[in-house]
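Sequential numbering from 32 applies to the sequence shown in this note's numbering.
Glycine included, each C-beta is placed from N, C-alpha and C at the ideal position.
What follows is a set of notes on a single structure, which appears directly below.
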Amino acid sequence: MVVGRPRPAVGEALRRCPACGGWEYGGAPDCARCRDLVDDIVEEGWREFVAGEFGAAGPEGERAIAEMVADEPDRHDWRVVDAALDRLTCAECGSRLGGGPVGCGPCDLAHGFRFSAVEIDRPGVPPGNEHAIRVNVAIVRRPYGISAPELLARRMLLPALLVGFLPTTEEAQRMGARAKKGATEEDWISLVGALVGDTEATLNG
Ligand SMILES: [Zn+2]
Ligand SMILES: [Zn+2]
Numbered sequence: 032m033v034v035g036r037p038r039p040a041v042g043e044a045l046r047r048c049p050a051c052g053g054w055e056y057g058g059a060p061d062c063a064r065c066r067d068l069v070d071d072i073v074e075e076g077w078r079e080f081v082a083g084e085f086g087a088a089g090p091e092g093e094r095a096i097a098e099m100v101a102d103e104p105d106r107h108d109w110r111v112v113d114a115a116l117d118r119l120t121c122a123e124c125g126s127r128l129g130g131g132p133v134g135c136g137p138c139d140l141a142h143g144f145r146f147s148a149v150e151i152d153r154p155g156v157p158p159g160n161e162h163a164i165r166v167n168v169a170i171v172r173r174p175y176g177i178s179a180p181e182l183l184a185r186r187m188l189l190p191a192l193l194v195g196f197l198p199t200t201e202e203a204q205r206m207g208a209r210a211k212k213g214a215t216e217e218d219w220i221s222l223v224g225a226l227v228g229d230t231e232a233t234l235n236g
């Protein structure tokens with residue numbers, strides 16, 4: 032299901048998800064509402080791309096566009112590439128292409144190629160913010176072959192990344208240490224809230 036919400040803007044305040052109680056987007060993939068919001072990030076990019084380049088395209092048209100995009104991932108925005116892969120089916124495992132379990136040849140290949148897509152930072156964010164969003168979204172939407180503490184860290188950081196935050200190397204190391212010590216979901220929620228509070232203060236003044 033698609034909620035149809037545009038992704039958060041740079042500097043926007045974090046919002047609590049009424050379904051899981053954490054920051055919106057951070058509950059994915061287990062919270063269905065957060066998962067839909069994360070899917071919306073990708074779908075929004077796709078809708079804009081198809082409308083801008085092709086006008087209206089029916090389901091068959093969209094599949095043809097998806098095949099074209101999947102053949103040249105380095106020429107398209109990452110959201111367009113991820114949405115294109117979602118529209119294609121893996122001949123081997125039957126999942127969305129690139130979404131199957133680790134060890135499925137075509138999925139591993141498509142999942143690897145998706146990272147050659149174009150990532151453009153929004154104005155006002157630290158360089159690399161869009162890359163971090165892209166990686167975390169990909170991991171949250173295909174959480175295979177990743178440890179539980181890393182998945183927790185990736186998904187809990189996503190709400191902060193979406194409003195334009197990017198941890199410095201030092202902050203990332205500190206958060207990594209917290210994660211290794213067994214930071215809980217509640218720990219992450221307050222950690223991310225505090226970090227974004229700091230960022231907003233810096234952005235506004
Ligand atoms: Zn949620
Ligand atoms: Zn597969």
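- Here the stretch 138-158 makes contact with the stretch 107-120; the two share three or more CB pairs at distances below 8 Å.
- DSSP places I96 inside the alpha helix (DSSP H), whose first and last residues are P90 to D102.
- Scanning its chain for C-beta atoms nearer than 7 Å, with the 5 sequence neighbours on each side dropped, one finds around V100 the residues H107, V111, V112 and A115, in chain order.
- Under the criterion of beta carbons closer than 8 Å, R64 and R94 do not qualify as touching, at roughly 28 Å.
- With contacts defined by Cβ atoms closer than 8 Å, E79 and P190 do not form a contacting pair.
- Residue nearest to A141 within the set P180, H162 and A97 is A97 (criterion: CA-CA distance).
- Taking a contact as a CB-CB distance under 8 Å, the pair A169 and R145 counts as one, their CB atoms being some 7 Å apart.
- Three or more Cβ pairs drawn from the stretch 57-71 and the stretch 40-49 lie within less than 8 Å of each other, which places the two stretches in contact.
- DSSP assignment within the stretch 166-230 yields no whole beta strand (DSSP E) run of 3 residues or more.
- Distances from the alpha-carbon of N160 to those of V73, L192, G131 and A208 put L192 closest.
- In terms of CA proximity to V69, R165 leads the group I177, G195 and R165.
- Here A122 is exposed, its C-beta having fewer than 16 other C-beta atoms within 10 Å.
- Annotation for W77: the continuous alpha helix (DSSP H) segment containing it runs A63 to F85.
- P132 has its alpha-carbon roughly 27 Å from the corresponding atom of W219.
- For Q204, the closest C-alpha among the options G224, E181, E216 and E217 is that of E181.
- By a beta-carbon distance limit of 8 Å, V41 contacts V194. Their separation comes to about 6 Å.
- The three-state secondary structure of V149, taken from DSSP, is strand.
- Separation of L183 and D102 (C-alpha to C-alpha, rounded to the nearest whole angstrom) is 32 Å.
- Counting every other CB atom within 10 Å of its CB across the protein chains shown gives D71 a total of 16 or more, marking it as buried.
- Each of A44, P60 and E75 was checked against the Cα of R36, and the nearest Cα belongs to E75.
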